[in-house]
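Only one structure is covered here, and it is reproduced in the block below.
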Amino acid sequence: MENVTPLGGDVYEIDTRMAGFSGITAGYLILGDRPCLVETGTATSAPVVRDALASLGVGAGDLATVVVTHIHLDHAGGVGDIAGMFPAAEIVVHEKGARHLVDPSRLMASAAMVWGDKLDVLFGALAPTEAARIKALGDTGVIDLGNGRTLASHYSPGHAKHHVGLIDSLTGDLYVGDAAGVYMPETGDLRPATPPPDFDLETALGSIALFEALGPQRLLFSHYGPVDDVAAVLERSAEELRVWVDLTKQARSAGLDLDHAVAMVRDRTKERYAALRGADETAEHFELLSGAPSNVAGILHWLDRVEVPR
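In full-length UniProt numbering, the protein residues as written are 1 to 310.
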């Protein structure tokens, strides 16, 4: 299938075709004795993912594990549907996200407040998953991929309080979710993802430092794709966080409201990203995945918790 790309080491990138677009959100299949899907994509992507797995020989009874880096709908919105399509699969998530997969009502209500009438088009509805099928992870955990191969999970909050990074014992691939930001393979741009309500700068920087300490051979971004230059990209990830926080602090100190703060930060960061120098589809994707309004709102929310009142 044209949306499946082999990456070596029995790892396959799956373009989940979020909202019908290409190159937005990737899932990954680790194909071994115990096939494992990392990230489901959205609910509306579930049939796309099922068909991709079928093209790789993974049928309804073959998938052993589904693991998500965190429960945001672009990563885990399809969990309930995929669980139904693959009834033998264990669903793995950090313990702080597990209850929301069992009962998604609060998560969906929160998403509806943020996305409004775009919710159905972009994400669809997260279906519930039976609690008995869910394995909840603590700060660390191990997923058996068969033949001695494992996927080790490491708690990595900062972007979300239910976020984990996952490292493959065979390939050294590190699945970074959103903790290292959003990567655009077309341009090589990297931009932070700092949405409310969970963003915390020091925690996020700590997670990036943890990723570096794990010594991965390659980073696999959910948005989007593989990156080999691990050290430089993680350094850039930390730098981008500091730039966005510093600019948002300036806007806050100047007493700007959210709209004006967004405009200022957007204007002062646009030259950092080749994707934003044109009005093409790549720029639209970048804004959808890591929009300035969401990033600035998340940073302001954090600043309001940790700094003196404006």
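Note that the Cβ used here is the ideal one computed from N, Cα and C, for glycine as well.
Nothing here was measured: the structure is a model prediction, and the numbers come from that model.
Residue i - containing beta strand (DSSP E), residue span
| i | result |
| --- | --- |
| Glu13 | 11-15 |
| Thr40 | Taken as a continuous stretch (DSSP letters only), Thr40 belongs to no beta strand (DSSP E), as it is neither H nor E. |
| Arg277 | Unbroken run through Arg277: none, as it is neither H nor E. |
| Asp168 | 164-168 |
| Ala136 | 134-137 |
| Ala26 | 26-30 |
| Gly141 | 140-146 |
| Phe221 | 218-221 |
| Ala5 | In the sequence on display, residue 5 carries Thr and not Ala. From DSSP, the beta strand (DSSP E) with Thr5 extends over 4-8. |
| Gly225 | 225-227 |
Residue i to residue j span [Cα, whole Å]
| i | j | result |
| --- | --- | --- |
| His301 | Asp198 | 9 Å |
| Thr34 | Glu307 | A small fix is needed here, since residue 34 is Arg in this sequence, not Thr. Each residue's Cα considered, the two are about 48 Å apart. |
| Leu103 | Glu271 | Just to set this straight, residue 103 is Asp in the shown sequence, not Leu. Going from the Cα of Asp103 to the Cα of Glu271 covers about 42 Å. |
| Leu303 | Tyr155 | 23 Å |
| Glu239 | Gly141 | 29 Å |
| Gly97 | Ala160 | 10 Å |
| Glu287 | Tyr183 | 12 Å |
| residue 317 | Ile24 | Residue 317 is absent from the model: the chain starts at 1 and stops at 310. |
| Asp62 | Met108 | 30 Å |
| Leu37 | Asp144 | 12 Å |
| Gly84 | Leu219 | 30 Å |
| Val114 | Gly148 | 43 Å |
| Val230 | Asp246 | 25 Å |
| Ser200 | Gly20 | Per the sequence shown, the amino acid found at residue 200 is Asp instead of Ser. Their Cα atoms are separated by approximately 32 Å. |
| Thr5 | Ala54 | 14 Å |
| Arg277 | Ala292 | 15 Å |
| Tyr12 | Ala274 | 28 Å |
| Leu29 | Lys249 | 40 Å |
| Gly138 | Glu95 | 6 Å |
| residue 314 | Ala213 | With the chain covering only 1 through 310, there is no way to say anything about residue 314. |
| Asn3 | Val121 | 20 Å |
Range covered by the alpha helix (DSSP H) that runs through residue i
| i | result |
| --- | --- |
| Asp51 | 46-55 |
| Leu201 | 201-213 |
Integer Cβ distance of residue i from residue j, believed to fall under 8 Å
| i | j | result |
| --- | --- | --- |
| Asp157 | Ser110 | Inspection of the sequence shows that residue 157 is occupied by Pro rather than by Asp. Not confirmed; about 18 Å, so no contact. |
| Ala60 | Phe86 | 6 Å |
| Ala26 | Gly165 | Their Cβ separation, rounded to whole angstroms, is 15 Å, which puts Ala26 and Gly165 out of contact at 8 Å. |
| Val68 | Val79 | 6 Å |
| Gly181 | Pro195 | Not confirmed; about 12 Å, so no contact. |
| Trp244 | Val265 | 7 Å |
| His75 | Ser290 | Between Ser290 and His75 the Cβ distance is about 14 Å, and since that is not below 8 Å, they are no contact. |
| Phe123 | Leu73 | 4 Å |
| Met1 | Asp81 | In fact, because the Cβ distance is near 19 Å, the residues do not count as touching under 8 Å. |
If you pair each beta-carbon of the segment 173-186 with each one of the segment 251-261, do three or more pairs fall below 8 Å?
no
Length-filtered (4 minimum) alpha helix (DSSP H) runs lying within the segment 53-119
Segments of the alpha helix (DSSP H) lying fully in the segment 53-119: 73-76, 79-85, 95-102, 105-115.
Complete runs of the beta strand (DSSP E) confined to the segment 149-199 [at least 3 residues]
Listed in chain order, they are 149-155, 164-168, 173-177, 182-184, 189-191.
Take every Cβ of the segment 35-46, pair it with every Cβ of the segment 12-23, and state whether three or more of those distances are shorter than 8 Å.
yes
Ignoring anything shorter than 4 residues or poking outside the segment 230-293, list the alpha helix (DSSP H) runs there in chain order.
Scanning the segment 230-293 from its first residue to its last, the whole alpha helix (DSSP H) runs of 4-plus residues come out as 230-253, 258-269, 281-289.
Taking one C-beta from the segment 119-135 and one from the segment 209-218 each time, how about it: are there three or more such pairs within less than 8 Å?
no
Touching or not, the segment 131-149 and the segment 81-91, by the rule of three or more beta carbon pairs under 8 Å?
yes
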